[in-house]
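A.B. asks: Let me give you the structure first, and then I'll get to my questions.
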Amino acid sequence: MANILVTGGAGFIGGNFVHYWNAQHPDDDVVVLDALTYAGNRSTIADAPRAELIEGDIRDQELVEKLLRERDIATIVHFAAESHVDRSITGPDAFIDTNILGTNALLKAARAVWLAGDGIEHRFHHISTDEVFGSLGTEDPAFSETTPYAPNSPYSASKAASDHLVRAYHHTYGLEVTTSNCSNNYGPYQYPEKLIPLFLLNALSGKSLPIYGDGMNVRDWLHVEDHCRGIEACLERGVPGETYNIGGGAELPNLTVIDRVCAEVDLAFEEIDGLADRYPDAPAAKGGKSDSLKTFVTDRAGHDRRYAIDETKARGELGYAAQHSFEDGLRQTLRWYLGHEDWWRPLLERA
Ligand code: NAD
Numbered sequence: 166m167a168n169i170l171v172t173g174g175a176g177f178i179g180g181n182f183v184h185y186w187n188a189q190h191p192d193d194d195v196v197v198l199d200a201l202t203y204a205g206n207r208s209t210i211a212d213a214p215r216a217e218l219i220e221g222d223i224r225d226q227e228l229v230e231k232l233l234r235e236r237d238i239a240t241i242v243h244f245a246a247e248s249h250v251d252r253s254i255t256g257p258d259a260f261i262d263t264n265i266l267g268t269n270a271l272l273k274a275a276r277a278v279w280l281a282g283d284g285i286e287h288r289f290h291h292i293s294t295d296e297v298f299g300s301l302g303t304e305d306p307a308f309s310e311t312t313p314y315a316p317n318s319p320y321s322a323s324k325a326a327s328d329h330l331v332r333a334y335h336h337t338y339g340l341e342v343t344t345s346n347c348s349n350n351y352g353p354y355q356y357p358e359k360l361i362p363l364f365l366l367n368a369l370s371g372k373s374l375p376i377y378g379d380g381m382n383v384r385d386w387l388h389v390e391d392h393c394r395g396i397e398a399c400l401e402r403g404v405p406g407e408t409y410n411i412g413g414g415a416e417l418p419n420l421t422v423i424d425r426v427c428a429e430v431d432l433a434f435e436e437i438d439g440l441a442d443r444y445p446d447a448p449a450a451k452g453g454k455s456d457s458l459k460t461f462v463t464d465r466a467g468h469d470r471r472y473a474i475d476e477t478k479a480r481g482e483l484g485y486a487a488q489h490s491f492e493d494g495l496r497q498t499l500r501w502y503l504g505h506e507d508w509w510r511p512l513l514e515r516a
């Protein structure tokens, strides 16, 4: 596959993908295009052995075309996005600009370079979300690739629009695209505004754990390394024009996730020497329990009740299967945050 362009590779999933790709494909050069918004972080990929970070915007079509030509790139894995639902509620414009106009600019660049003349063998892989399918009732079947789109937040609406553009460039111009719709990711390098790192770090510093509504919103939790494996399977075995659902097989209400985070933090204080000195404000440092920090707050506007992923197609056609259980993945994630305070502390201070 040789040279590969990863957009948003200084963010959470993109950064994990860069490390994953370097480990699995050590002869490939990875070019990362990232605007380094609040969610992008140079240090996430600073030690990736074959990754070069270009600070730039996906909306800069000229820059993208130049990179594709000069670096001989025939694969794009497109992660760059505004990704936080709460931010889309308070300020939707950035979501329209990056997620819709940015994806269109990338597609235009790919078309201009890859489909010119006789064309070259190429692949544009687009990362989408299960949120484009809307909200499920408790008894509804999980989302499949043929579930109609029904996005409910400015974030999911902007992702849905970008998915449609990707599809249209395949049908109209013949661009070789694949799209994956994944569920909620967790793991190392996740910006501490998202549920799992937010709750882990709040529990360490004795801050409240704000739970939206009744805490019974259900999400399917996917370890980011499994997601990277699923994307690799799409690139290697996915059929152009097709979409694939990638899930983690761990459908859980938020309240259960929060209880498990609290239990893991308490366990870490029992097992790891010196944590009470490092985090003296944590309830667990004073013989208390992290779940004493739980606080119910007003629900998010338009909060989708349940997402669930049917990944039969990815299993059958790509051979994809998640390898991390939620229990192991959560423990590994907590231990990663405990070992990488140098990564997250500056982000908290900057925020
Ligand atoms: P993130 O917010 O952690 O990272 C996004 C990255 O994109 C950042 O590095 C940011 O600097 C970069 N970026 C933003 N605007 C840009 C622009 N205009 N040009 C270039 N770079 C820009 O996001 P994430 O959680 O890693 O999500 C990655 C992708 O996966 C997104 O497309 C998101 O919609 C999708 N997704 C995420 C999840 C999840 O659970 N995190 C779930 C489903 C789908």
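In our numbering, the protein residues as written are 166 to 516.
No residue lacks a Cβ here, since even glycine has one placed at the ideal position from N, Cα and C.
(1) Three or more C-beta pairs under 8 Å: does that hold for the region 366–377 against the region 281–296?
(2) What does a CB cutoff of less than 8 Å around Arg515 pick up in its chain, not counting 5 residues either side in sequence?
(3) Just to confirm my understanding: we take Ile238, look at its own chain, exclude 5 residues before and 5 after, and list those with CB closer than 7 Å. What are they?
(4) Using the Cα positions of Phe308 and Gly439, report the straight-line distance between them to the nearest angstrom.
(5) Report yes if the CB atom of Asn419 is closer than 7 Å to the CB atom of Asn382, and no otherwise.
(6) What is the C-beta distance between Asp391 and Gln488, in whole angstroms, given that I count them as a contact (C-beta under 8 Å)?
(7) From this set, Leu483, Leu360, Thr337 and Ser208, which residue's C-alpha is nearest Gly176's C-alpha?
(8) Touch check for the region 500–514 and the region 317–336: three-plus C-beta pairs under 8 Å?
(9) Look at the alpha carbon of Leu458 and the alpha carbon of Asp431, and state the distance between them as a whole number of angstroms.
(10) My assumption, with CB atoms under 8 Å, is that Tyr354 sits in contact with Gly180. Please give the rounded CB distance.
(11) First and last residue of the alpha helix (DSSP H) that includes His243?
(12) Okay, do the region 342–349 and the region 287–306 touch, 3+ Cβ pairs below 8 Å being the bar?
(13) Are three or more beta carbon pairs between the region 473–491 and the region 409–419 nearer than 8 Å?
(14) Over what stretch of residues does the alpha helix (DSSP H) that includes Glu492 continue unbroken?
(15) Measuring CA to CA, which of Gly267, Gly380 and Leu513 is closest to Val462?
(16) Tell me the DSSP secondary structure of Pro357 in three-state form.
(17) Are His335 and Gly267 touching if we call contact CB-CB under 7 Å?
(18) Tell me, please, whether the region 240–259 touches the region 312–319 by the rule of three or more beta-carbon pairs shorter than 8 Å.
(19) Consult DSSP for Tyr314 and reduce its assignment to one of helix, strand or coil.
(20) Would you call the CB atoms of Ser300 and Asn264 closer than 7 Å?
(21) If you measure from the CB of Gly260, is any heavy atom of ligand 1 nearer than 6 Å?
(22) In whole angstroms, what separates the C-alpha of Asp258 from that of Ile223?
(23) When you measure from the CB of Leu233 to every non-hydrogen atom of ligand 1, does any distance come out below 6 Å?
(24) Just to confirm the assignment: which complete alpha helix (DSSP H) runs, minimum length 4, are found wholly within the region 276–341?
(25) Using a Cβ-Cβ cutoff of less than 6 Å, which residues in the same chain neighbour Ala277 once the five nearest sequence positions on both sides are dropped?
(26) On a Cα-Cα basis, can you pick out the residue from Thr477, Ala211, Gln226 and Phe364 that is closest to Leu272?
(27) Looking at the secondary structure, which residues open and close the alpha helix (DSSP H) in which Ala517 lies?
(28) Which of the three DSSP states is assigned to Leu198 in this structure?
(29) Give me whichever residues DSSP pairs with Leu387 in a beta bridge.
(30) Quick one: what's got a C-beta closer than 6 Å to Arg465's C-beta in the same chain, skipping five residues either side?
(31) Between the C-alpha atoms of Glu358 and Glu482, what's the straight-line distance to the nearest angstrom?
(32) What's the call for Pro214, buried or exposed, on a 16-neighbour Cβ count within 10 Å?
(33) Taking buried to mean at least 16 other C-beta atoms within 10 Å of its own C-beta, is Ile361 buried or exposed?
(34) Assuming Ile411 and Ala479 form a contact by the criterion Cβ under 8 Å, report the distance between their Cβ atoms to the nearest whole angstrom.
C.D. replies: According to the structure data:
(1) no
(2) Along the sequence shown, read from residue 1 onward, the residue named residue 515 stands at position 350. Same-chain partners within the cutoff: Tyr203.
(3) Working through the sequence shown from its first residue, we reach residue 238 at position 73. Around Ile238: Asn168, Ile169, Leu170, Val196 and Leu232.
(4) Taking the first residue of the sequence shown as position 1, residue 308 is located at position 143. Taking the first residue of the sequence shown as position 1, residue 439 is located at position 274. For Phe308 and Gly439, the distance between alpha carbons rounds to 45 Å.
(5) Along the sequence shown, one-based indexing puts residue 419 at 254. Along the sequence shown, one-based indexing puts residue 382 at 217. Closer than 7 Å, so yes.
(6) Residue 391 sits at position 226 when you count from the first residue of the sequence shown. Residue 488 sits at position 323 when you count from the first residue of the sequence shown. Confirmed, Cβ separation roughly 6 Å.
(7) Against the sequence shown, residue 176 aligns to sequence position 11. For Gly176, the nearest C-alpha among the options comes from Ser208.
(8) no
(9) Residue mapping note: residue 458 aligns to position 293 of the sequence shown, counting from 1. Residue mapping note: residue 431 aligns to position 266 of the sequence shown, counting from 1. Looking at the two C-alpha atoms, the distance is approximately 12 Å.
(10) For this step, residue 354 is matched to residue 189 along the sequence shown. For this step, residue 180 is matched to residue 15 along the sequence shown. Right, their Cβ atoms sit about 5 Å apart.
(11) Translated into the one-based positions of the sequence shown, residue 243 becomes position 78. Element bounds for His243: not the alpha helix (DSSP H) but the beta strand (DSSP E), Thr240 to His243.
(12) yes
(13) yes
(14) Residue mapping note: residue 492 aligns to position 327 of the sequence shown, counting from 1. First-last of the alpha helix (DSSP H) with Glu492: Phe491 to Gly504.
(15) Looking up residue 462 in the sequence shown gives position 297. Out of Gly267, Gly380 and Leu513, Gly380 has the C-alpha closest to the C-alpha of Val462.
(16) Start at 1 with the first residue of the sequence shown, and residue 357 comes out as number 192. Coil, per DSSP.
(17) Numbered from its first residue, the sequence shown carries residue 335 at position 170. Numbered from its first residue, the sequence shown carries residue 267 at position 102. No, Cβ-Cβ distance for His335 and Gly267 is not below 7 Å.
(18) yes
(19) The residue given as residue 314 occupies position 149 in the sequence shown. In this structure, Tyr314 counts as coil in the three-state DSSP scheme.
(20) Numbered from 1 along the sequence shown, position 135 holds the residue referred to as residue 300. Numbered from 1 along the sequence shown, position 99 holds the residue referred to as residue 264. No, Cβ-Cβ distance for Ser300 and Asn264 is not below 7 Å.
(21) As a first step, residue 260 is located in the sequence shown; it is residue number 95 there, counting from the start. Looking at the sequence shown, residue 260 is not Gly but Phe. Because no heavy atom of ligand 1 lies under 6 Å away, the Cβ of Phe260 does not count as near it: no.
(22) Here residue 258 is taken as the residue at index 93 of the sequence shown, counted from 1. Here residue 223 is taken as the residue at index 58 of the sequence shown, counted from 1. So the alpha carbons of these two residues sit roughly 16 Å apart.
(23) The count along the sequence shown starts at 1 and reaches residue 233 at position 68. Flag unset: Cβ of Leu233 not near ligand 1.
(24) 319–338
(25) Here residue 277 refers to the residue found at position 112 of the sequence shown. So the qualifying residues of the chain are Glu230.
(26) On the sequence shown, position 107 is the one that residue 272 refers to. Checking every option, the nearest Cα to that of Leu272 belongs to Gln226.
(27) With the chain covering only 166 through 516, there is no way to say anything about residue 517.
(28) For the purposes of this step, residue 198 is identified with residue 33 of the sequence shown, where counting begins at 1. Strand at Leu198.
(29) For the purposes of this step, residue 387 is taken as the residue at position 222 of the sequence shown. Beta-bridge pairing links Leu387 to Asn350.
(30) The residue given as residue 465 occupies position 300 in the sequence shown. The residues are Tyr377.
(31) Residue 358 sits at position 193 when you count from the first residue of the sequence shown. Residue 482 sits at position 317 when you count from the first residue of the sequence shown. Between Glu358 and Glu482, the C-alpha separation is close to 35 Å.
(32) Counting from one through the sequence shown, the residue named residue 214 turns up at place 49. When all chains shown are included, Pro214 counts as exposed.
(33) The residue given as residue 361 occupies position 196 in the sequence shown. Buried, because 16 or more other Cβ atoms sit within 10 Å of the Cβ of Ile361.
(34) Here the question's residue 411 lines up with position 246 in the sequence shown. Here the question's residue 479 lines up with position 314 in the sequence shown. That belief holds up - the Cβ atoms of Ile411 and Ala479 are roughly 6 Å apart, short of 8 Å.
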